[in-house]
Structures are given as structure tokens and as C-alpha cells.
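Residues are numbered in this note's numbering as their position in the sequence shown, beginning at 1, plus a constant of 8. Read the structure below first, then the notes.
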Amino acid sequence: SLGAVIAFALIYGAIDHTVRRAFVASVQDERSELLTDMRRNHLTLAQAVNDAIQESPDMFFSLMDKRGRAVTGNFPWASKRPGWQTFRRLDGVALPAGVLAVDGVAMPVPGGRMLFIGKDASWLSVLNARLAYVFGSVFGLMTALGLLASLLIAYSSLQRVRAISETSRDIMAGDLSRRIKLYGRDDE
């Protein structure tokens, strides 16, 4: 059981690390592209965000002013905290239809504003649920088999101890003809 937990933790950690790196790279690419388009086309950040929303339907953007009010975007992000963030429908977050989770990063941008760029992470939620199901199934099966094997071993050992005890009681009661049965394993 401990081995299964350790194996699951290692596998899950490796998958999570790889996926996060890919998500962060995707979001950073989107941010770079957004800021480049803004400078190249002499757009305001809000215009660049609106253009990015049209060009990347699987991405989510939210631009907040320095007071924390929404300026533009297609995602109702209201946290003022920078860094990596995950929003899940299961946590009660209002997400767009068909989206189970959004992973993204919030970063400060010029003018004291905050920009959140996220990506649909529904497939990651499904993957996590499947991993949990597989782990639960394997862990449950291993635990059940371990319990069954230990019960069989205990039953077998108890039967042998009972036979020794009964024979010993009979010998102590005066039946000197009784003998303890040998099983040929030299473990009595």
C-alpha cells in the first residue's frame, strides 16, 4: 500500500510538473505575443486583450485596473493576487459553459494594472479524475488482496497452532500415543 501511494505520488507529481510547464510556456507565449502586438500596432492594452480574445478562443483574459475593477476580458477573474492560479467549476467558480477548469497566471502590467491570462484546463481536470479513479481502484484491489492473503496465512497458521494445542492437551491428559503432525516445512 505504501509503495502504491509513493508510486502514485511520483507519477502524479511528474505529470503535474510537465503539464504546468507546458501551460506556463503557453501563457507566457500568449503574454509576449499580446504585448508585442500592442507595441507593433500601437494599441492600448485593452485593445490588444480584445484582439487576443478573438484570435484565441481557448484562452481566457482579464484586465483589471489598479483599483481591481474589470477593464476588459472574457473571464470573470476578481483576485488581485499575482502568480499561478487554478479555477475549477467544482470549487463554485462561475466558468464559461463546457469549461471545467481554467489554469493561468496573473501578472502586473504597466500602469499598476493586473492581467490574467488563462487556458481551458478541462482535460487536466478529467485526467486528474481518471488518475484518482485508477489509483483508488488499484489501491483498493491491492488492499483487498493483501487483506485476503493475510487472512489466508493467518487461518493456515492458526489451524496448525490449534492442531499442536489439541495434541498437546491430549498428551497432557494422558494419551501418550498422540503425535504432532509434521508438515515438512521445518517451521514448527
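Quick reminder that beta carbons are idealized off the backbone N, C-alpha and C, glycines included. Predicted model, so just to flag it, every value in this text is computed and none were measured.
Using DSSP's beta-bridge definition, name the partner residues of residue 121. Taking the sequence shown and counting its residues from 1, one reaches residue 121 at position 113. In the DSSP output, where bridge partners are listed per residue, residue 121 has 117.
Check this for me: beta carbons of residue 91 and residue 114, under 8 Å apart or not? As a position in the sequence shown, residue 91 is number 83, starting the count at 1. As a position in the sequence shown, residue 114 is number 106, starting the count at 1. In this structure, residue 114 lies closer than 8 Å to residue 91 by Cβ.
Contact between the region 79-87 and the region 61-71 is defined here as three or more beta-carbon pairs at a separation below 8 Å; is this criterion met? yes
Residue 112 and residue 125 look like a contact to me (Cβ under 8 Å); what is the Cβ gap, rounded to whole Å? As a working note, residue 112 is residue 104 in the sequence shown. As a working note, residue 125 is residue 117 in the sequence shown. Right, their Cβ atoms sit about 5 Å apart.
Tell me, to the nearest whole angstrom, how far the beta carbon of residue 186 is from that of residue 194; I am working on the premise that it is less than 8 Å. In the sequence shown, residue 186 corresponds to position 178, counting from 1. In the sequence shown, residue 194 corresponds to position 186, counting from 1. About 21 Å; that fails the 8 Å criterion.
8 Å contact criterion, which residue 129 and residue 142 should meet: CB distance rounded: Numbered from its first residue, the sequence shown carries residue 129 at position 121. Numbered from its first residue, the sequence shown carries residue 142 at position 134. So it is not a contact: roughly 19 Å between Cβ atoms.
Does the distance from the C-beta atom of residue 5 to that of residue 122 stay below 8 Å? Residue coverage of the chain in this structure runs from 9 to 196, which leaves residue 5 outside it and unanswerable.
Sorry if obvious, but does the Cβ on residue 143 come closer than 7 Å to a heavy atom of the ligand NAP? Among the components of this structure there are no ligands whatsoever, and the ligand NAP is therefore not found.
Applying the 10 Å Cβ sphere with the 16-neighbour rule, what's the burial state of residue 131? Walking along the sequence shown from the start, residue 131 turns up at place 123. Exposed, since its Cβ has fewer than 16 Cβ neighbours within 10 Å.
Locate the beta strand (DSSP E) running through residue 78, then write down its first and last residues. Along the sequence shown, read from residue 1 onward, the residue named residue 78 stands at position 70. First-last of the beta strand (DSSP E) with residue 78: 78-81.
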